[in-house]
Amino acid sequence: MTHFSKRFKAAAALALCAVLAACSSLPASLPSSATPESSAAPASSSSAPAADGELLTVRFLDVGQADSALIRCGDDAMLIDGGNVADSSLVAAVLQSEGLDTLDVVAATHAHEDHVGGLSGALNVCTAQRVIAPVTQYDSQAFSDFVRYTEAQGLSVEVPAAGDTFSLGGAQVTVLGPVQEYDDTNNTSLVLRVDFGGTSFLFTGDMERDAEEDLLAQWGEEALRADVLKVGHHGSDTSTSYPFLRAVMPQIAVISVGAGNSYGHPDDAVLSRLSDEGAAVYRTDECGDVTVVSDGETLTVTTQKHTAPDAGASSFPASSASVASADEESYIGNLNSKKFHLPSCSSLPKEDNRIYFATRDAAVEAGYTPCGLCNP
Ligand SMILES: [Zn+2]
Ligand SMILES: [Zn+2]
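Counting in the working numbering, the sequence shown runs from 3 upward without gaps.
As structure tokens, this is what we get:
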């Protein structure tokens, strides 16, 4: 079972949140120092190694009772879902704080507001190369707005076919589902598999048991095996059946869920099934943003609570999601030049061009390069 032999480590977040211990506890069965195997790719995934030094970063945004994940690889970026309409400004702020003005792919897994709502915010600040969804029409204001913002960019919403693949930097994305038509909107969810080197991620939207069963029948277990699973439907008991979970066998399971939500998500039965399968569970209601970085062999997880009390509809500071608050700033980045400086540098950017980082690593991780003058 090469699948579990990849080295897996949970790194402390840049700014430790009080509940981090609850977020990063790993099942004892996970070998934290096992030697990574270069041939660890599941048979179904691309066997091509990751390009030298290239990383795949998947950031599951804490958008409450909703879904949103930003995937970056090389120079490419894809946003899968954008949270609720009320998360539009948060999602836009995150994209801006990451220095993104282009998204290679914007994917709406399905038409429900908690997935498609905030994509308008993303399309408002980023140029999309491609927008995909399982349908092109749905009777809701949120979906109409999503279509309107897409068309305003001269694009139309594309419906990909199961089996389609495309590249994202050195990663390969495969559309696994839906494999047929469904009346239930959750089951229409796009199921996206991302392979990078020997590591793999599975995004399932709100897919429920029926679609899980059909997916399994269509592709077989091997094709579904993945290291990281975005748990279906916010941890509802209507998803994440045992047969599906046994095919995926995730090391890491991420549940995007709102604290105290009225649905009782995540369901205890789902948590119990994930625990039975030995997955380390990260919940956005407890951890905030959950970021998984892959170098093609090793997965590193960091978690970070938003420092802003609430995203709200008005202002969500660009610095709140991934960086320190201003009073603990140590490094100052320039949003335009993507250089970072010491606060004492003589060539600091203008106030509204600044982004603050608590640590040097945070600046580097965000893609910023050190200023040649102050050599931070
Ligand atoms: Zn949902
Ligand atoms: Zn849904």
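Here a beta-carbon is modelled for each residue, glycine too, at the ideal position from N, C-alpha and C.
Put Ala213 into one of helix, strand or coil per three-state DSSP. In this structure, Ala213 counts as helix in the three-state DSSP scheme.
Strictly closer than 5 Å from CB to any heavy atom of ligand 2: give me those residues in the order they appear in the chain. In chain order, the residues positioned with their C-beta nearer than 5 Å to some heavy atom of ligand 2 are His114, Asn188, Asp208.
Same chain, Cβ closer than 6 Å to Ala271, five either side skipped, listed in chain order: These residues qualify, in order along the chain: Asp239.
Can you check which of these residues, Asp141, Phe148, Pro268, Leu170, is closest to Leu57 by C-alpha distance? Closest by alpha carbon: Leu170.
Could you give the uninterrupted runs of the beta strand (DSSP E) lying entirely in the region 46–111, keeping only those of 3 residues or more? Annotation note: the region 46–111 contains the following uninterrupted beta strand (DSSP E) runs of length 3 or greater, listed N- to C-terminal: 58–62, 71–75, 78–82, 107–109.
For Val256, which residues from the same chain have a beta carbon less than 6 Å from its beta carbon, with the 5 sequence-adjacent residues on both sides left out? Same-chain partners within the cutoff: Phe62, Lys232, Tyr284, Val292.
Exposed or buried, what is Ala109 when buried is set at 16 or more other beta-carbons lying within 10 Å of its beta-carbon? The residue in question, Ala109, is buried, as its Cβ has 16 or more Cβ neighbours within 10 Å.
Taking the beta carbon of Asp89 as the centre, do at least 16 other beta carbons fall within 10 Å, making it buried, or is it exposed? By the C-beta density criterion, Asp89 is buried, having at least 16 other C-beta atoms within 10 angstroms.
Check whether the region 116–124 touches the region 176–187, taking contact to mean three or more Cβ pairs, one atom from each stretch, closer than 8 Å. Contact between the region 116–124 and the region 176–187 is absent, because fewer than three Cβ pairs lie under 8 Å.
Take Arg275 and list the residues in its own chain whose beta-carbon comes closer than 7 Å to its own, dropping the five residues that flank it on each side. Excluding sequence positions up to five before and after Arg275, its CB lies within less than 7 Å of the CB of Thr242, Tyr244, Leu247, all in the same chain and listed in chain order.
What I want to know is whether the C-beta of Ala68 ends up closer than 8 Å to one or more non-hydrogen atoms of ligand 3. As for ligand 3, it is missing from this structure, which binds only ligand 1 and ligand 2.
Where does Glu288 land, buried or exposed, given buried means 16+ other C-beta within 10 angstroms? Glu288 is buried by the Cβ-count criterion.
For Phe203 versus Asp229, is the C-beta distance shorter than 9 Å? Result yes, Cβ atoms of Phe203 and Asp229 sit closer than 9 Å.
Suppose you measure from the CA of Ser49 to the CA of Leu337; what does that come to, to the nearest Å? Confidence at Ser49 is low in this model, with a pLDDT of 44, below 50, so its placement is unreliable and no value can be given for it.
Phe198 bridges to which residues according to DSSP? Thr201.
Cβ of Asp116 within 8 Å of any heavy atom in ligand 1? Answer for Asp116: yes, Cβ within range of ligand 1.
Start-to-end residues for the alpha helix (DSSP H) that takes in Tyr244: 244–250 is the span of the alpha helix (DSSP H), which, as asked, contains Tyr244.
Assess, as a yes-or-no matter, whether the region 67–87 is touched by the region 101–118 under the definition of 3 or more beta carbon pairs within less than 8 Å. A contact is defined here as three or more CB-CB pairs under 8 Å, and the region 101–118 meets this definition with respect to the region 67–87.
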